[in-house]
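For reference, the structure is listed below as structure tokens.
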Amino acid sequence: MNKKNVLTIRIPEDLKERIEKTAATQGVSLNQFALYAFTRGISDIDTANLLKKRIQGKTKESIEDGFKKVMGKVGKKDKLPNWDKL
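With the numbering used here applied, the sequence shown corresponds to residues 450 to 535, in that order.
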């Protein structure tokens, strides 16, 4: 089992109420919801930082060219199976 640590934070009363309400709506404990929200937030930040690093120094045109190259490898719509068509 992972070692558990305690983190005490101060938050505005209205945010605390929103967290409690959302946790109750989701049917989870306040702790479970807070852990989920922190994890989700950190993951979003990590993803944004990774994307920034990957495009750093690239021009808009080179990014678009790379996108078009990848999309060119995707099959045409008429070749898609029926279950994958809109």
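Using N, Cα and C, we set each Cβ at its ideal position, and we do this for glycine too.
Inset, instruction - Assuming residue 472 contacts residue 464 (C-beta within less than 8 Å), just tell me the rounded distance between them. - result: Counted from its first residue, the sequence shown places residue 472 at position 23. Counted from its first residue, the sequence shown places residue 464 at position 15. Actually they do not touch by this definition, with Cβ atoms about 12 Å apart.
Inset, instruction - Find the nearest neighbour of residue 487 within the set 505, 451, 517 and 468, judged by alpha-carbon distance. - result: Indexing the sequence shown from 1 puts residue 487 at position 38. Taking each of 505, 451, 517 and 468 in turn and checking the Cα distance to residue 487, the smallest one comes out for 468.
Inset, instruction - Reducing DSSP to helix, strand and coil, say where residue 505 ends up. - result: Position 56 of the sequence shown holds residue 505. Residue state, collapsed to three classes: coil.
Legend entry - Residue from 454, 452, 483 and 491 with nearest C-alpha to residue 460: To locate residue 460, count along the sequence shown from 1; it is residue 11. Among 454, 452, 483 and 491, the Cα nearest to that of residue 460 belongs to 483.
Legend entry - Coil, strand or helix - residue 512 by DSSP: Indexing the sequence shown from 1 puts residue 512 at position 63. Residue state, collapsed to three classes: helix.
Inset, instruction - Tell me where the alpha helix (DSSP H) around residue 456 begins and ends. - result: If you number the sequence shown from 1, residue 456 lands on position 7. In the DSSP assignment, residue 456 falls outside any alpha helix (DSSP H) and carries neither an H nor an E.
Legend entry - Simplified DSSP assignment, three categories, for residue 476: In the sequence shown, counting from the first residue as 1, residue 476 sits at position 27. In the structure shown, residue 476 sits in coil (DSSP, three-state: anything other than H, G, I, E or B).
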